[in-house]
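A short write-up of the structure that comes next.
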Amino acid sequence: MAAELAADIRRLWAEWSVSPDVTGQYTRPVLERLLLRTWLRDGEVFAQMVSGAGNGLERTAGVPFWLEAMEPDLFPCALMNPPD
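Counting with our numbering, you get residues 25 to 108 for the letters of the sequence shown.
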């Protein structure tokens with residue numbers, strides 16, 4: 025039973041890894057390299073976890089979960105601090 029479950033998880037992970045981001049442009053290894061390069065360049069990196077249903081999002085391997093890479097330079101830091 026555990027071997028079957030492990031095989032199912034490996035299969036789904038491999039299928040999901042083909043298109044894990046919301047744009048559908050990147051494979052998981054490419055997305056990981058993109059995030060690492062951003063972190064090394066800028067010292068920070070953001071990714072949003074998206075789950076469920078959404079416009080234009082198609083499940084990969086039946087898994088309703090995606091990652092959205094976000095450029096730290098475009099992140100609205102002013103919104104993080106409440107006004108004085």
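The beta carbon of each residue, even a glycine, is placed where N, CA and C say it ideally should be.
These numbers were taken from a predicted model, which means no experiment stands behind them.
Integer Cβ distance of residue i from residue j, believed to fall under 8 Å
i: residue 100; j: residue 66; result: With 8 Å as the limit, residue 100 and residue 66 do not qualify as a contact, their Cβ atoms being about 15 Å apart.
i: residue 81; j: residue 46; result: 6 Å
i: residue 40; j: residue 85; result: 5 Å
Among the options, the one whose alpha carbon lies nearest that of residue i
i: residue 127; options: 85, 76, 62; result: Coverage of the chain is limited to positions 25 through 108, which leaves residue 127 absent and any answer about it impossible.
i: residue 42; options: 56, 30, 31; result: 56
Sub-8 Å separation of residue i and residue j beta-carbons
i: residue 50; j: residue 58; result: yes
i: residue 52; j: residue 44; result: yes
The ligand MG heavy atom lying under 7 Å from the CB of residue i
i: residue 98; result: Only the bare structure without any ligand can be found here, which leaves the ligand MG out of the picture.
Query - Complete runs of the alpha helix (DSSP H) confined to the segment 32-75 [at least 4 residues] - result: Fully enclosed alpha helix (DSSP H) runs of 4 or longer: 52-66.
Query raised in the report: Is there contact here, the segment 85-92 with the segment 68-76, by at least three beta-carbon pairs under 8 Å?
Result: Yes: at least three Cβ pairs fall under 8 Å.
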